[in-house]
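Only one structure is covered here, and it is reproduced in the block below.
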Amino acid sequence: MIVADRKPMEEILAMLAPYKRVLVLACGGCVTVCVSGGEKQADLLASQLKLAAAAAGRADVQFDVDCITRQCDREFAAMLKKPLDQYDAVLSIACGVGVGFMSELAPQATVLPGLNTTSYDASTAKGVWQEYCGGCGDCLLAETGGICPIVRCSKGLTNGTCGGTKTGKCEVSKDMDCGWYLIFKKLQAAGKLELYTKVRPAKKWSKDRNGKGARRLTHKELMETEEFSK
Amino acid sequence: MRDVDLTSAAMAKLTGTTELLDREWAPCRNACPVHADVRAYLEAAAAGDFVAAAEIIRRDIPFASICGRICHHPCEQNCRRADVEGAVAIREVKRFVVEGLGASAPVHKAILQNKAAVAIVGAGPAGLAAALDLAKLGYRPTVFEKFPVAGGIPRTAIPKYRLPADVVKQDVDWIAAHGVTIVTGVEIGKDKTIADLQKQFAAVLVTTGLAKSRTLPLPGADHPRVLPVLTFLEAVAFDQPLDIGKNVLVIGGGNVAVDAARSAVRLGARVQMMMLEDEQEMPAWWWEQHEAKDEGVTFIHRRGPVEIVVKGGKITGLKHRKVTRVFDEAKKFSPTYDDADQAVAACDAVILAIGQMPDLGFLAGCDVKPDANGRVLFGINKATHETAVAGVFAAGEIVTPPGSAVEACASGQRAAKAIDMFLSGKPIVLNDATPPYIGTIDAQTADKLIRCDRNPTPTEPADVRAKNWNEFEHTFPEPTALAEARRCMSCGSGAEVVVDKCAACQTCFRVCPFDIPKVTDVARIDSALCQACGLCMAACPANAIVPKGYEPHALRDRVKSAVGKLPAGKKVVAFINGFHADAASWTGKADPAPAGVAEIYLSSISRLGPAEILAAIEAGATGVLVVTEPAGADRYPTTMRKAHAYVTRVRTMLKEIGLNPDRAQLAVRTAANRAVVVAAERDCMNSLIR
Ligand SMILES: Cc1cc2nc3c(=O)[nH]c(=O)nc-3n(C[C@H](O)[C@H](O)[C@H](O)COP(=O)(O)OP(=O)(O)OC[C@H]3O[C@@H](n4cnc5c(N)ncnc54)[C@H](O)[C@@H]3O)c2cc1C
Ligand code: SF4
Ligand code: SF4
Ligand code: SF4
Numbered sequence: 009m010i011v012a013d014r015k016p017m018e019e020i021l022a023m024l025a026p027y028k029r030v031l032v033l034a035c036g037g038c039v040t041v042c043v044s045g046g047e048k049q050a051d052l053l054a055s056q057l058k059l060a061a062a063a064a065g066r067a068d069v070q071f072d073v074d075c076i077t078r079q080c081d082r083e084f085a086a087m088l089k090k091p092l093d094q095y096d097a098v099l100s101i102a103c104g105v106g107v108g109f110m111s112e113l114a115p116q117a118t119v120l121p122g123l124n125t126t127s128y129d130a131s132t133a134k135g136v137w138q139e140y141c142g143g144c145g146d147c148l149l150a151e152t153g154g155i156c157p158i159v160r161c162s163k164g165l166t167n168g169t170c171g172g173t174k175t176g177k178c179e180v181s182k183d184m185d186c187g188w189y190l191i192f193k194k195l196q197a198a199g200k201l202e203l204y205t206k207v208r209p210a211k212k213w214s215k216d217r218n219g220k221g222a223r224r225l226t227h228k229e230l231m232e233t234e235e236f237s238k
Numbered sequence: 010m011r012d013v014d015l016t017s018a019a020m021a022k023l024t025g026t027t028e029l030l031d032r033e034w035a036p037c038r039n040a041c042p043v044h045a046d047v048r049a050y051l052e053a054a055a056a057g058d059f060v061a062a063a064e065i066i067r068r069d070i071p072f073a074s075i076c077g078r079i080c081h082h083p084c085e086q087n088c089r090r091a092d093v094e095g096a097v098a099i100r101e102v103k104r105f106v107v108e109g110l111g112a113s114a115p116v117h118k119a120i121l122q123n124k125a126a127v128a129i130v131g132a133g134p135a136g137l138a139a140a141l142d143l144a145k146l147g148y149r150p151t152v153f154e155k156f157p158v159a160g161g162i163p164r165t166a167i168p169k170y171r172l173p174a175d176v177v178k179q180d181v182d183w184i185a186a187h188g189v190t191i192v193t194g195v196e197i198g199k200d201k202t203i204a205d206l207q208k209q210f211a212a213v214l215v216t217t218g219l220a221k222s223r224t225l226p227l228p229g230a231d232h233p234r235v236l237p238v239l240t241f242l243e244a245v246a247f248d249q250p251l252d253i254g255k256n257v258l259v260i261g262g263g264n265v266a267v268d269a270a271r272s273a274v275r276l277g278a279r280v281q282m283m284m285l286e287d288e289q290e291m292p293a294w295w296w297e298q299h300e301a302k303d304e305g306v307t308f309i310h311r312r313g314p315v316e317i318v319v320k321g322g323k324i325t326g327l328k329h330r331k332v333t334r335v336f337d338e339a340k341k342f343s344p345t346y347d348d349a350d351q352a353v354a355a356c357d358a359v360i361l362a363i364g365q366m367p368d369l370g371f372l373a374g375c376d377v378k379p380d381a382n383g384r385v386l387f388g389i390n391k392a393t394h395e396t397a398v399a400g401v402f403a404a405g406e407i408v409t410p411p412g413s414a415v416e417a418c419a420s421g422q423r424a425a426k427a428i429d430m431f432l433s434g435k436p437i438v439l440n441d442a443t444p445p446y447i448g449t450i451d452a453q454t455a456d457k458l459i460r461c462d463r464n465p466t467p468t469e470p471a472d473v474r475a476k477n478w479n480e481f482e483h484t485f486p487e488p489t490a491l492a493e494a495r496r497c498m499s500c501g502s503g504a505e506v507v508v509d510k511c512a513a514c515q516t517c518f519r520v521c522p523f524d525i526p527k528v529t530d531v532a533r534i535d536s537a538l539c540q541a542c543g544l545c546m547a548a549c550p551a552n553a554i555v556p557k558g559y560e561p562h563a564l565r566d567r568v569k570s571a572v573g574k575l576p577a578g579k580k581v582v583a584f585i586n587g588f589h590a591d592a593a594s595w596t597g598k599a600d601p602a603p604a605g606v607a608e609i610y611l612s613s614i615s616r617l618g619p620a621e622i623l624a625a626i627e628a629g630a631t632g633v634l635v636v637t638e639p640a641g642a643d644r645y646p647t648t649m650r651k652a653h654a655y656v657t658r659v660r661t662m663l664k665e666i667g668l669n670p671d672r673a674q675l676a677v678r679t680a681a682n683r684a685v686v687v688a689a690e691r692d693c694m695n696s697l698i699r
């Protein structure tokens, strides 16, 4: 599922500064599932925006909340309580797909992103989502024991490991697992090391990955941690 | 679980009602013969609102004081908490609530009481319950009672160590205050006949109960020290002198026999009970058996009486024989004996407590005829309380098999409905169907609940109580009554999923401490298992979960109105976990909160999420204080952790928008007293800048 994380508040406030009538538009799809862009998050964000506006002495602004089943399907747009172009701005808290699609469906409306869309994830534990797919368009998982080298190798190599692997860790950061070491161990355990030694032709990259390894989204309140910090 | 999924379209139609979210009945209510709303009155009591609790109790239970003492409490027998660690002590909570209000119990009279006059024969539970309902419907009931006081068996036979006379009087007076005329000292069949009543009244209801003791044709049974049980108990109830000697033998193994035995103990006698049944077969409640044994009563099982041995005009013993079986293969009462095995038990008085039967004296001068068992004969339709004589009805134990006071009340209430239909010229059709109710709790869910043992009823030590007529059980003190009411799981009040909003995200399943939500295409929450903690409601990202029995936005509305009432200046909303709080705090009668603080008590803080906290700030609160119990002290396992996490989350959110994070604070109530809460509120207030 697509995972997205809320944009920093300063960025949202700056984006919305010129507008008076704003709709916070939630999506009932992936971003509800990853607890970033559901109706409840829209309520919370609208609450924050109202409080921020009040603190800034702006009495002229209005924040509404709406939610449709998915912002990436044309038919669900019919669920909207009001047409989007009746607002000065729509802060969509769907993934980038929803933002883009809504602005395409309502060309007169100003649709702005409330989230940063990050990755394709699985929910690995309560309150934790982790990236499993690089979305490269040319899936390699059959040869890598199901571990995505685009995601897990900081260099996105399709023929690893590189010389920088050290006791299972990546040279980029000693806190980060070496993706190709993980693949090696997995194939070894499965008795399929011939897949490891196979040489794959170089992948053609049309876009750069940022090389930070698996990205994580965490929602503290959903994690099983005890700490309480001010 | 609902048969039909709840949708947001259906929710949208819910204007000002919770109709779609109505809670199913809990089994306690279904099992109660008058279907008292146990869950509702326990909830009110748990929130310290004893007046509201008493109102709910009195709505259905006419003999609330009496039932608080002596009800056989089928509610408790069916309480789902019994499958966790012990049924809620429902009767004791009721006793506390009703006793607290005492004679000041609110009376809701019919606005106009100008309908037909109805005569009722017998002022026992059935007669008075019928009279009350008829009066509430606007009829003018008059109850005739042969004894000089009203109350029936509870007044004339149930011994005062279990049920003092003034407790009975409280209920009788409360019923009379509804416009019920009670005429005592008038025996129908002797002082007046049913025919007389038929001339004066539009309808007559016979509720004369089982006023006579059954006897045994034993040799020696005509001796003056052979006492029929009701004769004995009535003499005890009215403090009449009794000659029972020093060594009493009670024949019988039922609750009435136990009452006689324990009364005889209090008269200073050594007491034995002899019965056909063994320990398992005997009909007396197990707790009555224990209480009698503790008071020194000895039980002789599986023996049948043969002869009362009288020597020189005095009873010297009871000859008895072995019982080889009590019930036949079809479980029908059909005792057989071994005459070769006989013995004599020494005694100098015998009480015959082998059952009661109707006293048909009231039939003199009336066409109503009893059936072969001495019960009042019905007309064609057995379900309508009609007798063979038009306009004459019957209810209570004269009709039903012997049972309990509350069952007799239910029968009386039913008859009142029948009489209302009859007098309104409608066909008598009584519908006994009850709404659906939830079943027992499943073992897996029961396993996950925090154990919370039933509070024992305060009881006088056996050696002390056996020597006096004081009540042997005492009313719970307030903290115990509160703790006990809070053991109720509010069965059936749980979460409901609005399916078209659900994204099947699994969050509800993940946060539920009891693993109740089942998420397939959408989440479904079985209300029979849900514990109504509200943790999933606070967490659901789709806002797809709503609580049953409440307006979906009730809490936010409450906060808004509370903040609106605070004076200008700094305002604090304190959400307080009320699981251990006293009644005065809950109801705002304790020492006042510091100026500017609005307190919102919740049965658990688990229902509170970031949205509710932020909503309070949005509503105008300068600060929000969340007061929790220490970890593990709440009714739900994860409340504390969630409260910490949610307050932390709100603090971050406040910081993000440049507001002081201290506007959301958490305090752990380290001791279960009000001073700690007030101190936390004051600290919170003082720490706020604006
Ligand atoms: C010793 C004993 C202990 C019991 N303990 C319990 C208990 O702990 N818990 C419980 O729930 N139940 C108990 N019961 C059962 C309970 O008392 C009865 O189920 C209930 O009282 C029946 O109510 P009723 O209105 O049908 O009859 P009753 O209570 O018998 O009332 C009938 C009334 O009619 C009057 N009457 C009779 N004939 C005439 C007449 N001709 N004219 C005028 N008035 C007349 C009688 O005097 C009496 O007041 C006990 C019963 C007995 C005998
Ligand atoms: S726990 Fe409460 S609601 Fe549930 S059965 Fe017992 S008394 Fe009734
Ligand atoms: S938390 Fe809400 S959206 Fe998620 S599965 Fe449960 S009901 Fe559905
Ligand atoms: S979290 Fe609480 S309210 Fe929700 S399903 Fe579980 S027990 Fe019920």
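If you read the sequences in order, they're chains X and B. So the first sequence is numbered by the working numbering: it starts at 9 and just counts up by one. So the second sequence is numbered by the working numbering: it starts at 10 and just counts up by one. Backbone N, C-alpha and C fix where the C-beta goes; we use that ideal spot for every residue, glycine too. Fair warning: this is a prediction, and the values are worked out from it, not measured in the lab.
B:Gln-515: CB within 8 angstroms of a non-hydrogen atom of ligand 3: yes
Neighbouring residues, chain B, relative to X:Asp-51 (Cβ below 9 angstroms): Asn-552, Ala-620, Leu-623, Ala-624
Where B:Trp-183 sits in the DSSP three-state scheme: helix
Interfacial residues, the segment 53-69 of chain X to chain A, with Cβ spacing under 7 angstroms: As a matter of chain content, chain A is missing from the structure shown, whose protein chains are X and B.
Backbone secondary structure at B:Trp-295 - three-state DSSP: helix
Sequence-distant residues of its chain with Cβ nearer than 6 angstroms to B:Ala-419 (five each side left out): Pro-42, Val-43
Opening and closing residue of the alpha helix (DSSP H) in which B:Cys-545 lies: 544-548
Short Cβ contact (9 angstroms threshold) for X:Leu-33 with X:Leu-57: no
Reduced DSSP category for X:Asp-74 - H, G, I as helix; E, B as strand; rest coil: strand
For X:Thr-169, the nearest candidate out of X:Ile-191, X:Arg-29, X:Gly-154, X:Ser-181 (CA to CA): X:Ile-191
Unbroken beta strand (DSSP E) run spanning B:Val-152, endpoints: 149-154
As assigned by DSSP and simplified to three states, the class of B:Arg-683: helix
Distance CB(B:Asn-552)-CB(X:Gly-45) smaller than 9 angstroms: no
X:Glu-112 classed as buried or exposed, judged by whether at least 16 other C-beta atoms fall within 10 angstroms: exposed
Chain X contact for B:Thr-657 (CB, 9 angstroms cutoff): yes
Segment limits, beta strand (DSSP E) that includes B:Gln-453: Where B:Gln-453 is concerned, there is no enclosing beta strand (DSSP E), although the alpha helix (DSSP H) it sits in stretches over 452-457.
Endpoints, beta strand (DSSP E) assigned at B:Asn-256: 256-260
Best match in X:Lys-194, X:Gly-108, X:Leu-148 for proximity to X:Pro-209 [C-alpha to C-alpha]: X:Leu-148
Contact with chain B by X:Leu-31, beta-carbon distance below 9 angstroms: no
9 angstroms Cβ cutoff, X:Met-184 in contact with chain B: no
Positions along the segment 637-664 of chain B whose CB lies within less than 7 angstroms of some CB in chain X: Arg-650, His-653, Ala-654, Tyr-655, Thr-657, Arg-658, Arg-660, Met-662
Under 9 angstroms between C-beta atoms of B:Thr-454 and B:Ile-554: no
Distance, X:Lys-89 Cα to X:Tyr-140 Cα: 36 angstroms
Cβ of B:Asp-509 within 9 angstroms of any chain X Cβ: yes
Inter-residue CB distance, B:Ala-230 and B:Ala-266 (contact presumed, cutoff 8 angstroms): Contact flag wrong, Cβ pair sits at about 16 angstroms.
Proximity below 9 angstroms, CB of B:Ser-222 to CB of B:Val-245: no
Contact between the segment 185-201 of chain B and the segment 151-162 of chain B (3+ Cβ pairs under 8 angstroms): yes
Bridge partner(s) assigned by DSSP for X:Ser-127: X:Val-11
X:Gly-171 versus X:Val-136: straight-line alpha-carbon distance, rounded: 31 angstroms
Residue-level contact to chain X via CB, B:Val-506, 9 angstroms cutoff: no
Test item, CB below 7 angstroms from any non-hydrogen atom of ligand 4: B:Gly-503, B:Ala-504, B:Cys-517, B:Val-520, B:Cys-521, B:Pro-522, B:Phe-523, B:Ile-525, B:Pro-526, B:Ile-534, B:Cys-539, B:Gln-540, B:Ala-541, B:Cys-542, B:Gly-543, B:Leu-544, B:Cys-545, B:Met-546, B:Ile-554
Inter-stretch contact at 8 angstroms, needing at least 3 Cβ pairs: the segment 102-109 of chain B / the segment 480-493 of chain B: yes
B:Glu-290 to B:Ala-119 span [Cα, whole Å]: 47 angstroms
Residues bridged to B:Lys-320 [DSSP beta-bridge criterion]: B:Lys-323
Interface partners of X:Gly-272 on chain B, CB under 7 angstroms: There is no way to answer for residue 272 of chain X, as the model of chain X reaches only from 9 to 238.
Backbone CA spacing between B:Ala-503 and B:Glu-33 [nearest angstrom]: First, the amino acid is wrong: residue 503 of chain B is Gly here, not Ala. Straight-line Cα distance between these residues: approximately 10 angstroms.
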